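Beneath this line is the structure, given in structure tokens, with notes to follow.
There are 2 protein chains.
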Amino acid sequence: MKDVAARAGVGLKTVSRVVNEEPGVTPDTVARVQSAIDALGFRRNDSARLLRTRRTASVGLVLEDLADPFYGALSRAVEDVARAHGALLFTGSSAENPRREQELVLAFCARRVDGLVVVPAGDDHRYLTPEIDAGVATVFVDRPAGRIDADVVLTDNAGGTRTGVAHLIAHGHRRIGFIGDQPGIHTAGERLRGYREAMADAGLPVRPDWYAMGPTTPERVRAALATMLSGPEPVTALFAGNNRVTVTAVRVLSGRPQPVALVGFDDFELADLLDPPVTVVAQDPAGLGRNAAQLLFRRLDGATSEEPSRVELPARLIARGSGEIPPAY
Amino acid sequence: MKDVAARAGVGLKTVSRVVNEEPGVTPDTVARVQSAIDALGFRRNDSARLLRTRRTASVGLVLEDLADPFYGALSRAVEDVARAHGALLFTGSSAENPRREQELVLAFCARRVDGLVVVPAGDDHRYLTPEIDAGVATVFVDRPAGRIDADVVLTDNAGGTRTGVAHLIAHGHRRIGFIGDQPGIHTAGERLRGYREAMADAGLPVRPDWYAMGPTTPERVRAALATMLSGPEPVTALFAGNNRVTVTAVRVLSGRPQPVALVGFDDFELADLLDPPVTVVAQDPAGLGRNAAQLLFRRLDGATSEEPSRVELPARLIARGSGEIPPAY
DNA sequence: CCTGATCGTGACAACGTTGTCCATCTCTTG
DNA sequence: CAAGAGATGGACAACGTTGTCACGATCAGG
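As you go down the protein sequences, you meet chains D and W in turn. Residue numbers for the first sequence follow our numbering, so the first one is 1 and each next one is one higher. Residue numbers for the second sequence follow our numbering, so the first one is 1001 and each next one is one higher.
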């Protein structure tokens, strides 16, 4: 900038004014400065600018895994809202590791992002209190924050699951299995709760060997499913607690002679092309991201000292067939 | 930092030394400074630090759409490599819009990212020359840069397509269709070339109504496919130029009485569960991202004035069945 | 006890911007 | 023609760090 000023024969501040299109500069001077800028290939250093203005026009997004299509859609929605507000987006994957989540969040804070959108991996976010007090707007999404009171945007996991399980019950099932993710994960717990509630609402018992919680690796899902299907009171239907479970379940069930009804949480591409087409309870990942980002920018634009708000998005049953298979007696 | 220094009764620079764990500070002083830091909740401002040190420890990633699983996997790989090098990641989606690509790239450059990984949307990247000259390491991935000479990591699109088409030919097909993306997109052109080459290698003609290039919306794919299947010399097999085409083709073909063989470019989840299981030519999106990021950091770590390098990753045929359907005469 | 090396520390400038404030220059108006 | 107003431009400090250098204290060796 100094060089540009020298070459154009003007003061430093005048160059700044031209670059920022501030009023009060003769068209003639503007032209001179502009040509100096072009000649020198000058580009304003936004880092320095932002250091001075104390707004970084950037937000940080921490999620579990960028490679998961669910989070891909969520990220994209956050990005679009950020762009509309002129902000750039830092992203990072926590890989479901609380330490890594914290590292990422603190790294973003050290960069002085204006705000954070976090899919929490850990269950204790008190480490964020000083940052939030320092003015970093923070919105949690998909899962609530642990041990602190903060804005959060969620899917109605319990309600969605209730709907899905009720769908199976409506089609005659009484022995329904549930396979979910690790109990520490909030959404997994909520979905299990929804399953229990739906069963209770219908006056149905839940045997201990009808539900399994844990890492959703194919092996574990396969084993859990085998147990449910081979006990003294085998299940005739399964509710799959997330799409990895659903996919494995489809694989296992398609190899069995006796049909087993299936409803899964989370939609996935091609679900309608499988045989039978898979009924799901669909979340709206883009909606989660959009709402979270909008909430963030609302905070940033002034609504400072309001109470933390909690938004809950509905989950929607998409009946495609696999949930309507009658129980095999 | 000034406040910390005052509270600890030391100089500014000493605080800096403690924060950066530089040697040459008495343990006693360290303790005093540390307790002042804790008391004040001080966090170093990395923006300022990076302004001073002239390294931002961040890279920008511009791709087509974060919500596309292909790019999700690519991003994740870039992120992992970046993390290993202590860098943070800015991401942005160009939505296949050259203007937006340029805006994003220039915004990242204004933030003085150390490097850029770009999936180009436009076909003219001369606007990047000043930035590259200014020292921003740049690697293009998935598609080459337009009109400038730069590092690039690609999939062997033509070769992969040749393999896929040859697979169909090996199973007896002589009239093979090809539906690809818009001709302006480099990968689409390369895949068309591979198709032509494979046909020529086998001494087979290519009728004009056997291939179609354009936006890969379901309607267009449906129409193109209808044309190919209803002409005077209908195709008995189809090579689908990307996974959106493949998915639509599966939908259309599954509704037809006469089986049509299918091979698609790009793998997708559940391809093996469809009926028939879909044979694909699989790319390695994570490999693309990893290689691009590694190349980037190799440049950053010194290999400055080398020639631009070009890495080409193989595409791999995964035979699952749909490519082995014999021609219906 | 002196010398010179070593260690710990802090003052200062710099990174590249922008906000504040003041100086000048050119009009317009009485 | 004087004076005030408005336009235009620039000097300077500040944002929060780190690199450079110089200073004083401590310590080993002669």
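Glycine residues also receive a C-beta, built at the ideal position from the N, C-alpha and C atoms. The model shown is predicted, which means the values in this text are computed figures rather than measured ones.
Straight-line CA distance for residue i to residue j?
i, j, result
"SER16 (chain D)", "PHE1042 (chain W)", "32 Å"
"THR91 (chain D)", "HIS1173 (chain W)", "47 Å"
"GLY184 (chain D)", "VAL117 (chain D)", "21 Å"
"VAL1152 (chain W)", "ARG1244 (chain W)", "25 Å"
"HIS85 (chain D)", "ARG49 (chain D)", "18 Å"
"GLU1307 (chain W)", "GLU1190 (chain W)", "24 Å"
"ALA1212 (chain W)", "TYR1195 (chain W)", "12 Å"
"GLY1177 (chain W)", "ALA1237 (chain W)", "6 Å"
"LEU1274 (chain W)", "PHE1140 (chain W)", "34 Å"
"GLY1287 (chain W)", "PRO1144 (chain W)", "16 Å"
"VAL252 (chain D)", "GLU1219 (chain W)", "34 Å"
"ALA1107 (chain W)", "PRO1130 (chain W)", "14 Å"
"GLU79 (chain D)", "THR246 (chain D)", "29 Å"
"ARG83 (chain D)", "GLU64 (chain D)", "22 Å"
"LEU88 (chain D)", "GLY60 (chain D)", "9 Å"
"ARG1044 (chain W)", "ARG111 (chain D)", "9 Å"
"SER1309 (chain W)", "ALA1150 (chain W)", "7 Å"
"GLY1383 (chain W)", "LEU229 (chain D)", "Residue 1383 (chain W) is absent from the structure shown; chain W starts at 1001 and stops at 1329."
"ARG290 (chain D)", "LEU74 (chain D)", "7 Å"
"GLY159 (chain D)", "LEU313 (chain D)", "10 Å"
"LEU12 (chain D)", "VAL33 (chain D)", "10 Å"
"ILE1335 (chain W)", "ARG1099 (chain W)", "Nothing can be reported for residue 1335 (chain W), as the shown portion of chain W is limited to 1001 through 1329."
"ARG207 (chain D)", "ALA249 (chain D)", "20 Å"
"ILE1325 (chain W)", "ARG193 (chain D)", "47 Å"
"LEU296 (chain D)", "THR1227 (chain W)", "50 Å"
"ASN157 (chain D)", "ASP267 (chain D)", "13 Å"
"LEU225 (chain D)", "LEU1168 (chain W)", "38 Å"
"PRO277 (chain D)", "HIS171 (chain D)", "16 Å"
"GLU1269 (chain W)", "ASP68 (chain D)", "12 Å"
"ALA1198 (chain W)", "GLU96 (chain D)", "45 Å"
"TYR1127 (chain W)", "ALA31 (chain D)", "21 Å"
"ALA1328 (chain W)", "ALA1200 (chain W)", "22 Å"
"PRO120 (chain D)", "ASP1038 (chain W)", "25 Å"
"THR1053 (chain W)", "CYS109 (chain D)", "19 Å"
For residue i, write down the residues that DSSP places opposite it in a beta bridge.
i, result
"ASP1266 (chain W)", "Beta-bridge pairing links ASP1266 (chain W) to no other residue."
"ASP151 (chain D)", "D:VAL139"
"VAL1062 (chain W)", "W:GLY1092, W:VAL1118"
"ILE318 (chain D)", "D:VAL280"
"VAL213 (chain D)", "Inspection of the sequence shows that residue 213 (chain D) is occupied by Met rather than by Val. In DSSP, MET213 (chain D) forms a bridge with D:GLY180."
"LEU313 (chain D)", "D:THR155"
Please check the pair residue i and residue j, which I expect to be a contact at CB under 8 Å, by giving their CB distance rounded to whole angstroms.
i, j, result
"VAL62 (chain D)", "VAL4 (chain D)", "At roughly 38 Å, the Cβ-Cβ gap does not stay under 8 Å, so VAL62 (chain D) and VAL4 (chain D) are not in contact."
"ARG256 (chain D)", "ALA137 (chain D)", "Not quite, the Cβ-Cβ distance comes to about 50 Å (not below 8 Å), so this is no contact."
"VAL1113 (chain W)", "SER1035 (chain W)", "About 36 Å; that fails the 8 Å criterion."
"GLY180 (chain D)", "GLY146 (chain D)", "About 19 Å separates the two Cβ atoms, so there is no contact after all."
"VAL1081 (chain W)", "GLN1294 (chain W)", "6 Å"
"SER47 (chain D)", "THR1056 (chain W)", "7 Å"
"ARG175 (chain D)", "TRP210 (chain D)", "7 Å"
"PRO215 (chain D)", "GLN258 (chain D)", "Wrong, their Cβ atoms sit about 27 Å apart, outside the cutoff."
"LEU1051 (chain W)", "SER1093 (chain W)", "Actually they do not touch by this definition, with Cβ atoms about 28 Å apart."
"THR1279 (chain W)", "ARG1320 (chain W)", "5 Å"
"VAL1165 (chain W)", "PHE1265 (chain W)", "VAL1165 (chain W) to PHE1265 (chain W), Cβ: 10 Å. No contact."
"VAL260 (chain D)", "ALA315 (chain D)", "VAL260 (chain D) to ALA315 (chain D), Cβ: 22 Å. No contact."
"VAL1025 (chain W)", "VAL1018 (chain W)", "6 Å"
"ASP1262 (chain W)", "GLY1323 (chain W)", "Looking at the sequence itself, residue 1262 (chain W) is Leu, so the reference to Asp does not match. With a Cβ gap of about 7 Å, LEU1262 (chain W) and GLY1323 (chain W) count as contacting."
Practice task
Scan the stretch 1090-1126 of chain W and note each continuous alpha helix (DSSP H) run of 4 residues or more that stays entirely inside, going in chain order.
Solution key: 1098-1110
Problem - Near-chain W residues of the stretch 81-92 of chain D - C-beta to any C-beta below 8 Å - result: ARG83, LEU88, LEU89, PHE90, THR91, GLY92
Handout entry: Contiguous alpha helix (DSSP H) assignments of at least 4 residues, all confined to the stretch 1216-1267 of chain W
Key = 1218-1230, 1243-1254
Practice task
Closer than 7 Å, Cβ to Cβ, to anything on chain W: give me those residues from the stretch 45-65 of chain D, in chain order.
Solution key: ASN45, ASP46, SER47, ALA48, LEU50, LEU51, THR56, ASP65
Exercise for the section: Counting only runs of 4+ residues fully inside the stretch 1004-1070 of chain W, write out the alpha helix (DSSP H) ranges in chain order. Expected result: 1012-1019, 1027-1040, 1046-1053
Exercise for the section: Name, going along the chain, the residues of the stretch 24-42 of chain D whose beta-carbon falls closer than 7 Å to a beta-carbon of chain W. Expected result: GLY41
Exercise for the section: Taking a Cβ distance cut-off of 8 Å, strictly less, list which residues of the stretch 265-280 of chain D are near chain W, in chain order. Expected result: PHE268, GLU269, LEU270, LEU273, LEU274, ASP275
Problem - Interfacial residues, the stretch 101-125 of chain D to chain W, with Cβ spacing under 8 Å - result: LEU106, ALA107, PHE108, CYS109, ALA110, ARG111, ARG112
Problem - the stretch 224-248 of chain D: positions lying closer than 8 Å to chain W by Cβ - result: VAL247
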